[in-house]
Amino acid sequence: MAHGGLLAGFIANRIFYLGASLPQFKIEIVVLVVFVLFIVLGPLLLFASQLAEVKRRGNREYGTLAERYVREFDAKWLRGGAPADEPLVGSGDIQSLADLNNSFEVVLSMRIVPVTREAILRLVVATLVPIVPLALTMMPLEELLKKLLGIVF
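So that you can map any letter, position 74 of the sequence shown is 139 in the working numbering, and since no number is skipped, the others follow by simple counting.
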């Protein structure tokens, strides 16, 4: 937000005292947003290769474990390998299978890049918030509100 405030001040000075208009600063605004994204999120990208390796190893190890467990579950409960006196209802095998599935889902849902779209969007919005009021230099507030209400309703 601070970087956006600095740029907003620079742009406002040019608009109010030198007669510039907001659309003339599109490139500066885009460069600032890219710069802030790179500065804030760039260091996290250093962990991408390590996270990719951990995900591959986790998929391999948990996949092997899950495959073995499912085969044994299949042999026991679907192919008639369970003792006749052991009931399916209340068996710990089903809960264990569900727990294994939850563990495997954690590995599958791991991201290689520890950044979400929501985090990027929040950062972009926080950077642009100080610049938004400068849109009022292009049209009066009343006209802007009429257009917004026209779009909404």
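C-beta: ideal position from N, C-alpha, C; glycine also.
query, result
"The alpha helix (DSSP H) enclosing Leu116, as first and last residue numbers", "Ala113 to Phe138"
"Where Phe218 sits in the DSSP three-state scheme", "coil"
"Per-residue burial, Phe90 [other beta carbons within 10 Å of its own, 16 or more giving buried]", "buried"
"Given Val98 as reference, the closest of Pro198, Leu209, Phe218 and Ala191 once Cα atoms are compared", "Ala191"
"Beta-carbon gap between Ala113 and Val178 smaller than 8 Å", "yes"
"Beta-carbon spacing of Leu201, Gly69 below 8 Å", "no"
"Ile159, buried or exposed, once every other Cβ within 10 Å from all chains shown has been counted against 16", "exposed"
"Cα-Cα separation between Leu162 and Val135, rounded to whole angstroms", "8 Å"
"Beta-carbon contacts of Ile104 that lie in its chain and below 8 Å, excluding the five residues immediately before and after", "none"
"Local Cβ density within 10 Å of Ile216, reported as buried at 16 or more and exposed below that", "exposed"
"Status (buried if at least 16 other CB within 10 Å, exposed otherwise) for Leu72", "buried"
"Segments of 4+ residues assigned as alpha helix (DSSP H) that fall wholly inside the stretch 149 to 189", "157 to 173"
"Own chain, CB closer than 6 Å to Gly123, minus 5 neighbours either side, in chain order", "Val172"
"Straight-line Cα distance separating Asn167 from Arg133", "16 Å"
"Alpha carbon of Ile80 to alpha carbon of Ala67, nearest angstrom", "20 Å"
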